[in-house]
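Asker: Numbering-wise (this note's numbering), the sequence shown opens with residue 6 and increments by one. Below is one structure. I have some questions about it.
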Amino acid sequence: MSPRTPDRRIVGTIEGQPVEAFRLSGGETELEVIGFGAILTRLTRPDRHGVVEDIVLGYDDPADYVAMPGNAGAICGRHANRLAEGRFELDGRVIQLACNSGAHHLHGGARGFGKRFWSGHPDPSANAVEFRLESPDGDEGYPGALAASVTYSVLPGGAVSIVMRAEADRRTIVNLVHHGYWNLAGHASGNVLEQRLQIEADRYTPVTPDKIPTGEIVPVDGGPFDFRRAKAIGADIAKAWIDGGYDHNWCLNEPATGLRRCASALDARSGRRLELHSNQPGLQFYTANHYGLASARGKDGAIYEKFAGFALETQAYPNAPNCPGFPSVVLAAGEPYHHEMLIVFPDAGARESVREAVAPGAASGSIP
6 MSPRTPDRRI VGTIEGQPVE AFRLSGGETE LEVIGFGAIL TRLTRPDRHG VVEDIVLGYD
66 DPADYVAMPG NAGAICGRHA NRLAEGRFEL DGRVIQLACN SGAHHLHGGA RGFGKRFWSG
126 HPDPSANAVE FRLESPDGDE GYPGALAASV TYSVLPGGAV SIVMRAEADR RTIVNLVHHG
186 YWNLAGHASG NVLEQRLQIE ADRYTPVTPD KIPTGEIVPV DGGPFDFRRA KAIGADIAKA
246 WIDGGYDHNW CLNEPATGLR RCASALDARS GRRLELHSNQ PGLQFYTANH YGLASARGKD
306 GAIYEKFAGF ALETQAYPNA PNCPGFPSVV LAAGEPYHHE MLIVFPDAGA RESVREAVAP
366 GAASGSIP
């Protein structure tokens, strides 16, 4: 499949406003993203027999991205993941954000970036589309005006690049996250418990029953959080105890230079594989536990039950502003924020297309 000019069309409305979709293709990958939430709504890949399936969870009606929990496919911000009691200190001043997850702040608030309209700007020369969003001073309680953007592109070999950028006019905090859910057997194929995962991390951040990191960083050695060697997602999931599944941050091992490889996943039945690379320090692995609370009707009439997909969210550590030992998420006025994700589907073409993007000497213990 050769790259072509991004298709652009209207796929529905949300609150009376038209929702634009953009389609990109390259190699054996085709994806669709929409302007609402800068959401990745569809991504198709062939299996070992050439059968093509959509491998990301989502909805046919764009309005369901508002109604359903889980932020499927969205760009979350201004600060994704959790902040304890929605509160942090910046330059000697206590900042109070909106609390939208019980007593805490989650994914940027009640109207975080995943629930906003972004303006879409296709770039045919790069086989890409850029989405832009302006967040005013005081938005959900955050200090400073912030200009954010995310660029989705498909490389010639079929790898997918997601680059998130931001700049503020005063000191603030930023942690933008792509919140896609993967099911390498196909989005409607059932649970992902037999799919295999490897995470390039020796440590993780424990959490309270409210899923707030305690500030500790502990070894994964031998426990349910040890994915240094590939294992089935369901192998130790009952021991994770958060909603009966995983919803934790792993502290990624340091790279030699450039991007680090964060994780590898495999569905043995279809032969589909995924490798994730990023420049961020953390990785949130989440097993779509919320779908067990109420079945959600997804694309093509599929019913998404608990563990219907898994999220691999490269990020800063959650609750970092309240944990002095965590990497800082403070962004100075005029300082560029840059978060890069590279999703590789390991075949000869995809590997060739990203050879220069992935750090030489990066960890090579991916799933065989």
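Backbone N, C-alpha and C define an ideal beta-carbon position, used for all residues, glycine too. As the structure is a prediction and not an experimental result, all values here were calculated from the model.
Taking A89 and I217 to be in contact with their CB atoms under 8 Å, please state how far apart those CB atoms are, rounded to whole angstroms.
Answerer: Against the sequence shown, residue 89 aligns to sequence position 84. Against the sequence shown, residue 217 aligns to sequence position 212. Going by Cβ atoms, the distance from A89 to I217 rounds to 5 Å, so yes, they are a contact pair.
Asker: Between S124, L181, H282, A190, which lies nearest to I204 when the distance is taken from Cα to Cα?
Answerer: On the sequence shown, residue 204 is found 199 positions in, with the first residue counted as 1. Of the candidates S124, L181, H282, A190, the one whose C-alpha sits nearest the C-alpha of I204 is H282.
Asker: Is it the case that the stretch 211-227 contacts the stretch 91-100, given that we only count it when at least three CB pairs across the two stretches are under 8 Å?
Answerer: no
Asker: Considering only the alpha carbon of each residue, which of D174, P323, K244, A133 lies closest to R13?
Answerer: On the sequence shown, position 8 is the one that residue 13 refers to. Of D174, P323, K244, A133, the residue nearest in Cα terms is A133.
Asker: Hey, is the stretch 269-285 in contact with the stretch 344-352, meaning 3+ C-beta pairs nearer than 8 Å?
Answerer: yes
Asker: Return the first residue and the last residue of the alpha helix (DSSP H) that V71 is part of.
Answerer: Numbered from 1 along the sequence shown, position 66 holds the residue referred to as residue 71. It spans 69-72 - the alpha helix (DSSP H) in which V71 sits, taken as one unbroken run.
Asker: Between F232 and L264, how many whole angstroms is the CB-CB distance? I'm expecting something under 8 Å.
Answerer: Along the sequence shown, one-based indexing puts residue 232 at 227. Along the sequence shown, one-based indexing puts residue 264 at 259. Your pair F232 and L264 does not check out as a contact, with CB atoms roughly 19 Å apart and the cut at 8 Å.
Asker: Exposed or buried, what is D59 when buried is set at 16 or more other beta-carbons lying within 10 Å of its beta-carbon?
Answerer: Position 54 of the sequence shown, counting from 1, holds the residue named residue 59. Buried, because 16 or more other Cβ atoms sit within 10 Å of the Cβ of D59.
Asker: Identify whether T18 lies in helix, strand or coil by the three-state DSSP scheme.
Answerer: Here residue 18 refers to the residue found at position 13 when the sequence shown is read from its first residue. Reduced to three states, the DSSP call for T18 is strand.
Asker: Which same chain residues, not among the five before or five after T49, have their C-beta less than 6 Å away from its C-beta?
Answerer: Counting from 1 along the sequence shown, the entry for residue 49 is found at position 44. Closer than 6 Å at the Cβ level, and outside the excluded window around T49, lie E35, V57, D59.
Asker: Candidates L198, E199, G228, Q200: which alpha carbon is nearest Y209's?
Answerer: For the purposes of this step, residue 209 is taken as residue 204 along the sequence shown, with counting starting at 1. The residue with the shortest Cα to Cα distance from Y209 is G228.
Asker: DSSP state of S275, grouped into three classes?
Answerer: Against the sequence shown, residue 275 aligns to sequence position 270. S275: coil per DSSP, three-state reduction.
Asker: From the DSSP output, which residues share a beta bridge with Y157?
Answerer: As a first step, residue 157 is located in the sequence shown; it is residue number 152 there, counting from the start. Its beta-bridge partners are V134, I167.
Asker: Identify whether Y3 lies in helix, strand or coil by the three-state DSSP scheme.
Answerer: The shown model of the chain, from 6 to 373, leaves out residue 3, and the question about it has no answer.
Asker: Tell me the residue span of the beta strand (DSSP E) that contains H126.
Answerer: Locating residue 126 in the sequence shown gives position 121, where the first residue counts as 1. Note, H126: beta strand (DSSP E), 124-128.
Asker: Within 10 Å of its beta-carbon, does G21 have 16 or more other beta-carbons around it, so buried, or fewer, so exposed?
Answerer: Looking up residue 21 in the sequence shown gives position 16. It counts as exposed.
Asker: DSSP state of D241, grouped into three classes?
Answerer: Taking the sequence shown and counting its residues from 1, one reaches residue 241 at position 236. Coil.
Asker: Rounded to the nearest angstrom, what separates F312 and V212 at their Cα positions?
Answerer: As a first step, residue 312 is located in the sequence shown; it is residue number 307 there, counting from the start. As a first step, residue 212 is located in the sequence shown; it is residue number 207 there, counting from the start. V212 has its alpha-carbon roughly 20 Å from the corresponding atom of F312.
Asker: Would you mind reading off the limits of the beta strand (DSSP E) that contains I80?
Answerer: As a position in the sequence shown, residue 80 is number 75, starting the count at 1. Start and end: 79-81.
Asker: When DSSP builds the beta bridges, which residues end up paired with W187?
Answerer: Residue 187 sits at position 182 when you count from the first residue of the sequence shown. In the DSSP secondary-structure assignment, W187 is bridged to V61, F315.
Asker: Whole angstroms is fine: what's the gap from D52's alpha carbon to D128's?
Answerer: Translated into positions along the sequence shown, residue 52 becomes position 47. Translated into positions along the sequence shown, residue 128 becomes position 123. Using only the alpha carbons, I get a separation of about 29 Å.
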